[in-house]
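Residue numbers (the numbering used here): 181 to 255. Before any comments, here is the structure.
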């Protein structure tokens, strides 16, 4: 699963949790973009991502906002 389909990413922000999941398609003949996008509004501080990989492994990563981040699963 080199494209991480089924992986979930969560960000806790201001008392809420934003969740996105990598999905290959959501309908017949459709293909989704595999990039997850989180709209954080005016939030400018770094955020902590909690990643739940399809095999059940969990990983946490901290990253600045307003950028594209590519994350590889750590053993």
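Where is the CB? At the ideal position from N, CA and C, for every residue including glycine. The structure presented is a predicted model; accordingly, all values stated were derived computationally and were not measured.
Going along the chain, which residues of its own chain have a beta-carbon closer than 6 Å to the beta-carbon of residue i, five neighbours each way excluded?
| i | result |
| --- | --- |
| residue 200 | 189, 216 |
Quick check: what's the CA-CA separation for residue i versus residue j?
| i | j | result |
| --- | --- | --- |
| residue 238 | residue 192 | 15 Å |
| residue 251 | residue 196 | 23 Å |
| residue 225 | residue 231 | 19 Å |
| residue 219 | residue 206 | 21 Å |
What three-state label does DSSP hand residue i in the structure shown?
| i | result |
| --- | --- |
| residue 128 | The structure shown has nothing for residue 128, since the chain only spans 181 to 255. |
| residue 200 | strand |
Can you name, in chain order, every residue of its own chain whose Cβ lies under 7 Å from the Cβ of residue i, other than the five neighbours on each side?
| i | result |
| --- | --- |
| residue 253 | 233, 237, 239 |
So is residue i buried or exposed if we call it buried at 16+ other beta carbons inside 10 Å?
| i | result |
| --- | --- |
| residue 187 | buried |
Who are the Cβ neighbours of residue i in its own chain at under 8 Å, not counting the five residues just before and after it?
| i | result |
| --- | --- |
| residue 204 | 183, 185, 211, 212, 214 |
| residue 241 | 228, 229, 231, 249, 251 |
Quick one: complete beta strand (DSSP E) runs, 3+ long, within the region 217 to 250?
227 to 232, 238 to 243
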